[in-house]
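Asker: As they're listed, the protein sequences go chains W and H. Here the first sequence is numbered in this note's numbering, starting from 2 and rising by one per residue. Here the second sequence is numbered in this note's numbering, starting from 5 and rising by one per residue.
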Amino acid sequence: MGAKLLRRIHFPAVTAYLLVGIIIGPRIFNLIPSRLMAASDFVTNFVLGIIAFALGANFKLKDLKAAGKPVIWISVLEAACAWVVVTVVMVVYHILQKIPIHPAFVLGAAAAATAPAATVMVVREYRASGPVTDMLLRVVAIDDAWCLIFSALAITTASALRVGVFSSTVLIHAVAEVCLALILGGSLAVGLYVITRFIASTDEVLIIAVGFIMLAVGLAVRFKLSPLLTNIAFGLVVANIVRESELFFKALRRVDMVLFLGFFVLVGANLEIGILPQVGVMGALYIIFRVVGKFIGVRIGAHISGAGANISRNLAWGLVPQAGVALGVALSAKTLYPKYGELIFTTITATTVIYELVGPLCAKYGLKKAGEI
Amino acid sequence: MNSLLSAGLILLLGFVGARILKLVRLPSVTAFLVVGILIGPQLLNLVTEEIFTASEFFSNLVLGLIAFSLGENFRLDNLRQGMKQVMWISLSAALLAWVLVSSALVVYFITIDMPIYPAIVLGAAASATAPAATVLVIREYRASGILTELLLKVVAIDDAWCLIFAAMAIAVGNAMRADVFQMSIVFAGLGEIFGALLLGGVLGYLSSKLSRFVRTSEELLVYALGLLFLDVGLSIALEVSVLLSAMMMGLVLVNMRRENYKFFEVLRSVDTPLYLVFFIISGAHLDFSILYKMGIAGILYVAFRMVGKVYGARIGAKISNAPKSVKNWLGLSLTPQAGVALGIGLVAKVTFPDLGNYIFTIIAATSVIFELAGPLLTKYSLVRAGEISPSE
Numbered sequence: 002m003g004a005k006l007l008r009r010i011h012f013p014a015v016t017a018y019l020l021v022g023i024i025i026g027p028r029i030f031n032l033i034p035s036r037l038m039a040a041s042d043f044v045t046n047f048v049l050g051i052i053a054f055a056l057g058a059n060f061k062l063k064d065l066k067a068a069g070k071p072v073i074w075i076s077v078l079e080a081a082c083a084w085v086v087v088t089v090v091m092v093v094y095h096i097l098q099k100i101p102i103h104p105a106f107v108l109g110a111a112a113a114a115t116a117p118a119a120t121v122m123v124v125r126e127y128r129a130s131g132p133v134t135d136m137l138l139r140v141v142a143i144d145d146a147w148c149l150i151f152s153a154l155a156i157t158t159a160s161a162l163r164v165g166v167f168s169s170t171v172l173i174h175a176v177a178e179v180c181l182a183l184i185l186g187g188s189l190a191v192g193l194y195v196i197t198r199f200i201a202s203t204d205e206v207l208i209i210a211v212g213f214i215m216l217a218v219g220l221a222v223r224f225k226l227s228p229l230l231t232n233i234a235f236g237l238v239v240a241n242i243v244r245e246s247e248l249f250f251k252a253l254r255r256v257d258m259v260l261f262l263g264f265f266v267l268v269g270a271n272l273e274i275g276i277l278p279q280v281g282v283m284g285a286l287y288i289i290f291r292v293v294g295k296f297i298g299v300r301i302g303a304h305i306s307g308a309g310a311n312i313s314r315n316l317a318w319g320l321v322p323q324a325g326v327a328l329g330v331a332l333s334a335k336t337l338y339p340k341y342g343e344l345i346f347t348t349i350t351a352t353t354v355i356y357e358l359v360g361p362l363c364a365k366y367g368l369k370k371a372g373e374i
Numbered sequence: 005m006n007s008l009l010s011a012g013l014i015l016l017l018g019f020v021g022a023r024i025l026k027l028v029r030l031p032s033v034t035a036f037l038v039v040g041i042l043i044g045p046q047l048l049n050l051v052t053e054e055i056f057t058a059s060e061f062f063s064n065l066v067l068g069l070i071a072f073s074l075g076e077n078f079r080l081d082n083l084r085q086g087m088k089q090v091m092w093i094s095l096s097a098a099l100l101a102w103v104l105v106s107s108a109l110v111v112y113f114i115t116i117d118m119p120i121y122p123a124i125v126l127g128a129a130a131s132a133t134a135p136a137a138t139v140l141v142i143r144e145y146r147a148s149g150i151l152t153e154l155l156l157k158v159v160a161i162d163d164a165w166c167l168i169f170a171a172m173a174i175a176v177g178n179a180m181r182a183d184v185f186q187m188s189i190v191f192a193g194l195g196e197i198f199g200a201l202l203l204g205g206v207l208g209y210l211s212s213k214l215s216r217f218v219r220t221s222e223e224l225l226v227y228a229l230g231l232l233f234l235d236v237g238l239s240i241a242l243e244v245s246v247l248l249s250a251m252m253m254g255l256v257l258v259n260m261r262r263e264n265y266k267f268f269e270v271l272r273s274v275d276t277p278l279y280l281v282f283f284i285i286s287g288a289h290l291d292f293s294i295l296y297k298m299g300i301a302g303i304l305y306v307a308f309r310m311v312g313k314v315y316g317a318r319i320g321a322k323i324s325n326a327p328k329s330v331k332n333w334l335g336l337s338l339t340p341q342a343g344v345a346l347g348i349g350l351v352a353k354v355t356f357p358d359l360g361n362y363i364f365t366i367i368a369a370t371s372v373i374f375e376l377a378g379p380l381l382t383k384y385s386l387v388r389a390g391e392i393s394p395s396e
């Protein structure tokens with residue numbers, strides 16, 4: 002209903018779902034019983050798993066040979082630029098405010114993350130297709146890996162600045178986390194490959210697909226790995242080794258709209274809009290310079306790798322959404338730094354609220370400008 | 005163990021279990037229940053607390069889904085001739101099960117010097133059937149024919165009889181226990197039925213009217229599931245029968261517009277994982293230790309419920325001139341018993357502080373038996389009636 006209404010004014014459905022979530026959420030109408038809210042962890046993790054799995058399918062080795070270089074360059078550079086720009090600005094701001102500068106590094110690293118879910122939804126809703134769309138889907142899939150590594154680097158640096166010791170364990174942990182997630186995803190794909198032979202009907206395809214994704218997310222959570230990366234790796238390997246892989250992706254596409262809707266409404270209900278007034282100057286700087294960083298990074302990356310002007314100009318719009326991954330970085334900062342962790346966390350949560358609402362609009366705008374909607 | 009891991013294992017083990025038991029020609033429903041028993045709290049304990057808590061929500065949804073899809077079978081244009089048979093058979097199968105179980109237990113309770121009112125309530129519970137298991141067996145083996153068609157209709161409406169009987173039985177039981185006959189209980193039972201039909205009818209009507217805003221099949225799925233949640237939620241809130249209101253909604257939808265068959269189609273394309281999880285969780289809930297407690301009363305219940313169903317259906321078929329395959333095999337295919345009977349058990353538990361628990365135990369224990377044996381018997385009768393192809 003909400004989606005229908007807002008479509009009249011050309012809003013993407015994601016934004017509508019989020020707004021509906023906010024309205025029926027605990028702060029306003031309180032239509033969601035606490036039991037449903039308690040289940041939201043389960044639903045969001047599962048849906049993120051599905052999204053990541055589908056993203057992995059965009060990396061088929063045979064079409065990647067051609068497009069591989071730009072993907073790597075653009076994703077590294079847009080993530081790195083956002084990090085660097087936000088960090089530099091924050092350092093300056095913190096010096097002016099005479100507070101320690103270490104939170105600046107962590108904030109910058111969080112700025113590197115994007116939100117695959119929102120981007121994918123917009124692409125799907127408007128049936129966008131073309132080189133920019135393809136590139137965008139691949140970039141959002143892998144920049145979370147960069148973000149994890151950057152945030153580990155940032156946390157190491159920040160800790161070093163704070164207490165004056167540089168410990169490389171955090172960094173090693175982060176690299177190990179990425180690698181283990183990839184290995185886990187890969188091994189599950191092999192498992193799926195084996196079991197595919199026993200599938201007789203399309204109903205069973207759905208059961209297996211859903212079961213494996215839940216297993217992947219569950220195992221990732223259990224071993225404290227990134228569920229997103231695990232499922233991207235899972236989807237990637239499946240797309241490349243299972244001949245009937247299209248069946249799985251198709252079966253999931255049949256049901257995922259419902260799940261996405263539930264997901265975004267729940268995310269909306271969980272958004273802490275009460276936190277918005279606390280954004281302050283720092284949040285404003287973060288919001289502006291993160292986007293600036295993304296744009297510069299995409300430009301440079303596209304230039305180096307020789308991607309077309311269309312990509313160079315419009316891709317960055319699709320990278321504006323920010324959600325779970327950034328919050329994850331903020332959460333780990335919160336537990337690490339008792340004093341300024343809270344500040345980091347508030348800033349990231351508040352900016353996430355804004356990005357979640359504005360991001361889908363930006364993504365739509367960018368794709369439209371690229372002529373792919 | 006987190007809940008996602010647990011849910012993933014449930015799905016995959018369900019698949020594997022169904023594959024293995026298929027080798028010995030057992031229906032998937034049985035396989036799911038067995039897997040559920042294996043991973044349940046008594047053995048491997050792979051089901052997390054969180055999933056158990058969510059299972060009430062979940063099973064209401066699945067029952068609503070089943071009942072909704074049963075509503076599709078009642079198309080008014082081809083219903084005229086069959087309806088007489090459905091009514092006679094469902095009524096006499098339910099009634100005879102009630103009468104026989106009650107009489108047998110009354111005799112037994114008198115000989116052991118117990119109050120006899122539990123016998124009346126237990127008999128009413130015996131009239132219930134389990135649509136979910138029946139539908140799944142039919143779907144798995146792609147059964148089709150006169151018996152299948154009648155069976156789908158009978159399991160859809162005999163819950164209405166069962167609710168009426170249960171309301172009467174509880175009122176009578178209360179009267180025998182406390183010497184006051186409360187008409188209000190009977191009325192409450194009737195209200196539960198008519199309220200459900202009204203609610204389902206209204207929702208079905210509205211949703212058919214509003215369905216012109218739905219464009220893609222993805223949106224239709226969202227819409228259909230949303231409706232179902234709404235219907236089940238409202239039924240629970242208004243304390244009317246979830247099964248009947250969902251069935252009524254399906255019935256109204258299928259008769260209002262021809263294109264409404266898409267509602268059922270789109271749900272069918274996604275519902276198998278839900279059924280799988282539903283039956284695995286049901287299996288995990290099965291409490292075997294309760295079997296020891298059911299005693300002679302439980303054995304009598306099982307035996308006379310079977311006799312009642314088989315001969316009740318036979319009598320009903322004879323009166324309404326149903327074909328021979330129906331007369332011979334329909335009763336046996338009604339063997340499954342699950343949620344509806346347990347619901348009556350729960351009401352009894354609340355209404356009768358002294359023997360309510362005893363009633364509940366017997367219903368729960370016999371449900372364990374009927375849940376496991378029921379799908380097999382349903383399959384067997386469909387095979388014997390020639391409505392499942394021999395290759396299956």
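Note that beta-carbon positions come from the ideal geometry of N, C-alpha and C, so glycine has one too.
Relative to chain W, which residues along the segment 266-277 of chain H have a C-beta separation below 7 Å, given in chain order?
Answerer: S273, V274, T276 and P277
Asker: Looking at G320/H: is its Cβ nearer than 8 Å to the Cβ of A97/H?
Answerer: Here residue 320/H refers to the residue found at position 316 of the second sequence. Here residue 97/H refers to the residue found at position 93 of the second sequence. Between G320/H and A97/H, the C-beta spacing is below 8 Å.
Asker: Pair every Cβ in the segment 382-392 of chain H with every Cβ in the segment 332-341 of chain H, then say whether three or more of these pairs are closer than 8 Å.
Answerer: yes
Asker: For S130/W, which option in K340/W, N59/W and T350/W has the closest C-alpha, if you only look at C-alpha atoms?
Answerer: Residue 130/W sits at position 129 when you count from the first residue of the first sequence. The alpha carbon of S130/W has as its nearest neighbour, out of K340/W, N59/W and T350/W, the alpha carbon of N59/W.
Asker: By Cβ distance, which residues of its chain are closer than 6 Å to A241/H, with the 5 residues on each side in sequence left out?
Answerer: In the second sequence, counting from the first residue as 1, residue 241/H sits at position 237. Here the set comprises nothing.
Asker: Return the CA-CA distance between L109/H and G378/H, expressed in angstroms with no decimal places.
Answerer: Numbered from 1 along the second sequence, position 105 holds the residue referred to as residue 109/H. Numbered from 1 along the second sequence, position 374 holds the residue referred to as residue 378/H. Rounded to whole angstroms, L109/H to G378/H spans 22 Å at the Cα level.
Asker: How big is the Cα-Cα spacing for L336/H and V314/H?
Answerer: Position 332 of the second sequence, counting from 1, holds the residue named residue 336/H. Position 310 of the second sequence, counting from 1, holds the residue named residue 314/H. Their Cα atoms are separated by approximately 5 Å.
Asker: So A345/H contacts chain W; which residues on that side make the cut at Cβ distance below 8 Å?
Answerer: Stepping through the second sequence from its first residue, residue 345/H is reached at position 341. Within chain W, no residue comes near A345/H; the closest Cβ sits about 26 Å away, beyond 8 Å.
Asker: Which ranges would you report for the alpha helix (DSSP H) in the segment 93-161 of chain H if only whole runs of at least 4 residues count?
Answerer: 121-130 and 135-144
Asker: Does Q323/W come out as helix, strand or coil in the three-state DSSP assignment?
Answerer: Within the first sequence, numbered from 1, the residue matching residue 323/W stands at position 322. Correct three-state label for Q323/W: coil.
Asker: May I ask you to list, following chain order, the residues of the segment 55-71 of chain H that have a beta carbon less than 7 Å from some beta carbon of chain W?
Answerer: A58
Asker: Can you list, in chain order, the residues of the segment 22-50 of chain H whose Cβ is nearer than 8 Å to any Cβ on chain W?
Answerer: R23
Asker: Under the three-state reduction of DSSP, which class applies to G12/H: helix, strand or coil?
Answerer: Working through the second sequence from its first residue, we reach residue 12/H at position 8. Three-state DSSP puts G12/H in a helix.
Asker: Any contact of the segment 119-137 of chain H with the segment 341-361 of chain H, i.e. 3+ C-beta pairs under 8 Å?
Answerer: yes
Asker: At 8 Å on the CB atoms, spell out the chain H contacts of E205/W, in chain order.
Answerer: Sequence index remark: in the first sequence, residue 205/W carries index 204 (1-based). Within 8 Å Cβ-Cβ: F19 and T276.
Asker: With a Cβ-Cβ cutoff of 8 Å, do L156/H and S32/H count as a contact?
Answerer: For the purposes of this step, residue 156/H is identified with residue 152 of the second sequence, where counting begins at 1. For the purposes of this step, residue 32/H is identified with residue 28 of the second sequence, where counting begins at 1. Contact check for L156/H against S32/H fails: the beta carbons are separated by 8 Å or more.
Asker: Can you tell me where the alpha helix (DSSP H) with Y279/H in it begins and where it stops?
Answerer: Start at 1 with the first residue of the second sequence, and residue 279/H comes out as number 275. Taken as a continuous stretch (DSSP letters only), the alpha helix (DSSP H) holding Y279/H covers T276 to H289.
Asker: For the candidate residues L267/W, G309/W, V206/W and L237/W, whose alpha-carbon lies nearest to that of A252/W?
Answerer: In the first sequence, residue 252/W corresponds to position 251, counting from 1. Of the listed residues, the one whose Cα sits closest to A252/W is V206/W.
Asker: Decide if N49/H is buried, meaning its Cβ has at least 16 other Cβ atoms within 10 Å, or exposed.
Answerer: In the second sequence, residue 49/H corresponds to position 45, counting from 1. N49/H is exposed by the Cβ-count criterion.
Asker: Do H103/W and A159/W come within 8 Å of each other at the CB atom, strictly closer than that value?
Answerer: The residue given as residue 159/W occupies position 158 in the first sequence. The residue given as residue 103/W occupies position 102 in the first sequence. Cβ atoms of A159/W and H103/W: closer than 8 Å.
Asker: Give me the chain H residues within the contact set of M215/W, using Cβ-Cβ distance strictly less than 7 Å, ordered along the chain.
Answerer: As a first step, residue 215/W must be located in the first sequence, where it is residue number 214. Those within 7 Å of M215/W in chain H are L8, A11, G12 and L15.
Asker: Suppose you measure from the CA of V306/H to the CA of E222/H; what does that come to, to the nearest Å?
Answerer: The residue you call residue 306/H lines up with position 302 of the second sequence. The residue you call residue 222/H lines up with position 218 of the second sequence. Spanning the two alpha carbons is a distance of roughly 45 Å.
Asker: Kindly list the residues whose CB is nearer than 8 Å to the CB of L229/H, restricted to its own chain and excluding five residues on each side of it in sequence; keep chain order.
Answerer: What you label residue 229/H is simply residue 225 of the second sequence in a count that begins at 1. Cβ neighbours of L229/H beyond the five flanking positions: L271.
Asker: Measure how close the beta-carbons of G195/H and M172/H come, nearest whole angstrom, since I'm counting them as under 8 Å.
Answerer: Walking along the second sequence from the start, residue 195/H turns up at place 191. Walking along the second sequence from the start, residue 172/H turns up at place 168. Their Cβ separation, rounded to whole angstroms, is 14 Å, which puts G195/H and M172/H out of contact at 8 Å.
Asker: Examine chain W for any beta-carbon lying closer than 8 Å to the beta-carbon of V141/H, and answer yes or no.
Answerer: Within the second sequence, the letter at position 137 stands for residue 141/H. Output row for V141/H: interface = no.
Asker: Exposed or buried, which one is S59/H when buried takes at least 16 other CB atoms within 10 Å?
Answerer: To locate residue 59/H, count along the second sequence from 1; it is residue 55. S59/H should be labelled buried.
Asker: Using Cβ-Cβ distances below 9 Å, what residues of the segment 288-315 of chain W are close to chain H?
Answerer: Hits within the stretch: zero.
Asker: With respect to the alpha helix (DSSP H) encompassing W333/H, which residues constitute its N-terminal and C-terminal limits?
Answerer: On the second sequence, residue 333/H is found 329 positions in, with the first residue counted as 1. Element bounds for W333/H: K328 to S337.
Asker: Would you say G372/W reaches chain H, if we count a Cβ-Cβ gap shorter than 8 Å as a contact?
Answerer: Here residue 372/W is taken as the residue at index 371 of the first sequence, counted from 1. G372/W is outside the set of residues whose beta carbon lies under 8 Å from a beta carbon in chain H.
Asker: Is the beta carbon of V258/H closer than 8 Å to that of Y209/H?
Answerer: Here the question's residue 209/H lines up with position 205 in the second sequence. Here the question's residue 258/H lines up with position 254 in the second sequence. Their beta carbons are not under 8 Å apart, which means Y209/H does not touch V258/H by this criterion.
Asker: What are the residues of the segment 214-231 of chain H that lie near chain W, defined by any Cβ-Cβ distance shorter than 9 Å?
Answerer: Taking 9 Å as the Cβ-Cβ cut-off, the segment 214-231 of chain H approaches chain W at F217, T220, S221, E222, E223, L225, V226, L229 and G230, given in chain order.
Asker: Using a Cβ-Cβ cut-off of 6 Å (strictly less than) and excluding sequence neighbours within five positions of L207/H, which residues of its own chain qualify?
Answerer: Here residue 207/H corresponds to residue number 203 of the second sequence, with the count starting at 1. Closer than 6 Å at Cβ, skipping near neighbours: D235 and M253.
Asker: Please give the ranges of any alpha helix (DSSP H) in the segment 290-321 of chain W, keeping only runs that are unbroken, at least 4 residues long and fully inside the region.
Answerer: 310-315
Asker: Near F19/H, what residues of its chain come up, given a Cβ to Cβ distance below 8 Å and the 5 sequence neighbours on each side ignored?
Answerer: On the second sequence, position 15 is the one that residue 19/H refers to. Here the set comprises L280.
Asker: I'd like the list of long-range same chain contacts for V326/W, defined as Cβ closer than 6 Å, with 5 residues on each side in sequence excluded.
Answerer: The count along the first sequence starts at 1 and reaches residue 326/W at position 325. A114, D145 and C148.
Asker: Count the CB pairs spanning the segment 282-296 of chain W and the segment 78-87 of chain W that are closer than 8 Å, and state whether there are at least three.
Answerer: The segment 282-296 of chain W, when compared against the segment 78-87 of chain W, does touch it at the 8 Å Cβ threshold.
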